[in-house]
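Positions 1 to 101 (the UniProt record's numbering) are the ones given, in order, by the sequence shown.
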Amino acid sequence: MPRRRPRAGEKRMDAAIDHFAEMGYRKADVRRVVNKLLKDVYGKDGWPLLEDSCYSVVQEALFEMEEQEKLQQQQQQQQQQNEDDDGDDEGEEAHPTNIFK
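The following block contains the structure:
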């Protein structure tokens, strides 16, 4: 059975994925960012705006996504450290005033 002909949006999505795969981005991340931009910002006919300047708008959105993920990881690590610090000092003074007695 012959394969069906891809729709124009699928070709464009494949081109965007191919463009960013060379930079090491995951297919799912590119797809998520492009779909979000088309849905929330540019509308279904916004492909020319996304493709302009070699997908610079998509690149910026991917950078923002990476920064958000890094911030979330840092916050989780900070919370985990705080929880670990709080649990280890039961019954002991957390910060002795003079350690050289």
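Idealized CB from N, CA, C, for every residue including glycine.
Considering only residues of the same chain and omitting the five flanking positions on each side of residue i, which have a CB-CB separation below 6 Å?
i, result
"residue 49", "42"
"residue 85", "none"
"residue 12", "47"
"residue 4", "none"
Which of the three DSSP states, helix, strand or coil, is assigned to residue i?
i, result
"residue 45", "coil"
"residue 23", "coil"
"residue 3", "coil"
Using only the heavy atoms of the ligand HEM, determine whether one of them is closer than 7 Å to the beta carbon of residue i.
i, result
"residue 3", "No copy of the ligand HEM appears in this structure; indeed no ligand is present at all."
Grab me the residues of residue i's own chain with a C-beta within less than 7 Å of its C-beta, minus the 5 sequence neighbours each way, in chain order.
i, result
"residue 25", "62"
"residue 44", "38"
Leaving aside the five residues before and after residue i along the sequence, list all residues of the same chain whose C-beta is less than 8 Å from its C-beta, in chain order.
i, result
"residue 58", "16, 20, 30, 33, 34, 37 and 50"
On a CA-only basis, which of the options is nearest residue i? Give me that one, please.
i, options, result
"residue 102", "18, 72 and 10", "No statement about residue 102 is possible, as the shown extent of the chain runs from 1 to 101 and does not include it."
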